[in-house]
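Student: In our numbering, the protein residues as written are 1 to 303.
Don't be surprised by glycine CBs; every beta carbon is placed ideally from N, CA and C.
(1) In chain order, what are the residue ranges of uninterrupted beta strand (DSSP E) at least 3 long that sit wholly in the stretch 137-189?
(2) Is the beta carbon of residue 90 less than 7 angstroms from the beta carbon of residue 55?
(3) Report yes if the CB atom of residue 166 is closer than 7 angstroms to the CB atom of residue 45, and no otherwise.
(4) If you follow the beta strand (DSSP E) that residue 215 is in, where does it begin and where does it stop?
(5) Under a three-way DSSP split, which group does residue 20 fall into?
(6) In the DSSP assignment, find the beta strand (DSSP E) that holds residue 50 and state where it starts and stops.
(7) Give me, in chain order, the residues of the same chain whose beta-carbon lies closer than 7 angstroms to that of residue 140; leave out the 5 immediate sequence neighbours on both sides.
(8) Would you kindly work out how many angstroms separate the C-alpha atoms of residue 144 and residue 150, rounded to a whole number?
(9) Leaving aside the five residues before and after residue 203 along the sequence, list all residues of the same chain whose C-beta is less than 8 angstroms from its C-beta, in chain order.
(10) Keeping to the same chain, check which residues put their C-beta closer than 8 angstroms to that of residue 281; ignore five residues upstream and five downstream.
(11) Given a threshold of 16 other Cβ atoms within 10 Å of its Cβ, counted over all protein chains shown, does residue 29 qualify as buried or as exposed?
(12) Just the C-alpha distance for residue 70 and residue 147, rounded to the nearest angstrom, thanks.
(13) Residue 36 and residue 206 - do their beta-carbons sit closer together than 7 angstroms?
(14) In chain order, what residues of the same chain have a beta carbon less than 8 angstroms from the beta carbon of residue 102, not counting five sequence neighbours either side?
(15) What residues in its chain sit with their C-beta under 6 angstroms from that of residue 158, if we drop five residues either side in the sequence?
(16) Give the single residue among 132, 216, 126, 43 whose Cα lies nearest to the Cα of residue 25.
(17) Pull up the CB-CB distance for residue 223 and residue 189, whole angstroms please, since I reckon it's below 8 angstroms.
(18) Using CA atoms only, rank isn't needed, just tell me which of 72, 220, 88 is closest to residue 170.
(19) In the structure shown, what three-state DSSP assignment does residue 29 receive?
(20) According to DSSP, is residue 73 part of a helix, a strand, or is it coil?
(21) What is the C-beta distance between residue 196 and residue 225, in whole angstroms, given that I count them as a contact (C-beta under 8 angstroms)?
(22) Using the Cβ count rule (16 or more neighbours within 10 Å means buried), how would you classify residue 216?
(23) Consult DSSP for residue 37 and reduce its assignment to one of helix, strand or coil.
(24) Can you find the residues in the same chain that come closer than 8 angstroms, C-beta to C-beta, to residue 38, ignoring five residues on each side of it along the sequence?
Written as structure tokens, this is what we have:
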């Protein structure tokens, strides 16, 4: 019995240090995920988002990464230090990774520019962002509230669009409430018609070690609820529904016939599929010529 208990405890411990896959491009797990070299290389991890870990510690942790071509984002949840209070290593870390991040964001935003600097309509990915790209100048996200949820999800959207590599989101133990809240917000971002609790259940199914109480906390999390309401409002509010929203959400596609406005623009295929058609403008059916009528018409000609 003790042998079985030991094996169970060992298996549970191994599962704790194993990163999980949230979607095709996003992985999440504990801090020691950074030391799993084979995992990082095999999955092409190029973007690292730390949650709830002080910036100074992150600077030390990322020095051991198996590649130098990466971008580190810090979601600290604290007020953050001013430029004058930053140590030399932290300042270099912020400047280096902020510059790399801005370079990726410029590359993504340039998809809406034509040859010769001619400006074309904004790319789909830019239209679906919560905030303008110009607001994102630093790789360190400080503070709390819905703004952090929006910035976190915009970073993931832009990193995914760059197609430069996959994303790892990590916290100290991979089970804390801060990380769970951000993961739930990402599930809602890509599945707008899911509820907060459904999103939490999905995350917990990937990492069972997350406590059930965090699901209750998520349900009552005012920032998370407000973020979800903003996501869904984009689908209904006049002038704010974006083509990207209609394309990304399969649930929205199934319900679009009930909610789409007459003159709302969307993706070309959706616009064609759900275009309003007035019955008064429908073509009048042409009479079908039967064999008897054809025979009478032929006899009349020869007579």
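Tutor: According to the data block:
(1) As summarised for the stretch 137-189, the continuous beta strand (DSSP E) elements at least 3 residues long and confined to that stretch are 166-171, given in chain order.
(2) Residue 55 is positioned such that its CB atom lies closer than 7 angstroms to that of residue 90.
(3) Contact flag set, yes.
(4) Residue range 213-219 is occupied by the alpha helix (DSSP H) that includes residue 215, with no beta strand (DSSP E) assigned at that position.
(5) Here residue 20 sits in strand by DSSP.
(6) From DSSP, the beta strand (DSSP E) with residue 50 extends over 45-51.
(7) Answer for residue 140: 55, 74, 76, 80, 94, listed in chain order.
(8) Here the C-alpha atom of residue 144 lies approximately 11 angstroms from the C-alpha atom of residue 150.
(9) Same-chain partners within the cutoff: 22, 180, 183, 184, 187, 210.
(10) Confidence at residue 281 is low in this model, with a pLDDT of 37, below 50, so the placement of that residue is unreliable and no value is reported for it.
(11) With at least 16 other beta carbons inside 10 angstroms of its own, residue 29 counts as buried.
(12) Straight-line measurement puts the Cα of residue 147 at about 25 angstroms from the Cα of residue 70.
(13) Taking 7 angstroms as the Cβ cut-off, residue 206 and residue 36 do not qualify as a contacting pair.
(14) In the same chain as residue 102, and ignoring 5 residues on each side of it, the C-beta atoms closer than 8 angstroms to its own belong to 136, 137, in chain order.
(15) Answer for residue 158: 105, 108, listed in chain order.
(16) Nearest of 132, 216, 126, 43 to residue 25, Cα basis: 43.
(17) Actually they are not in contact, since the Cβ atoms of residue 223 and residue 189 sit about 14 angstroms apart, beyond 8 angstroms.
(18) That would be 72, whose Cα lies nearest to the Cα of residue 170.
(19) Here DSSP, grouped into helix, strand and coil, assigns residue 29 to strand.
(20) In this structure, residue 73 counts as strand in the three-state DSSP scheme.
(21) Yes, residue 196 and residue 225 are in contact; Cβ-Cβ is about 7 angstroms, under 8 angstroms.
(22) Within a 10 Å sphere around the beta-carbon of residue 216 sit fewer than 16 other beta-carbons, which makes this residue exposed.
(23) Reduced to three states, the DSSP call for residue 37 is helix.
(24) Excluding sequence neighbours, residue 38 sits near nothing in its chain.
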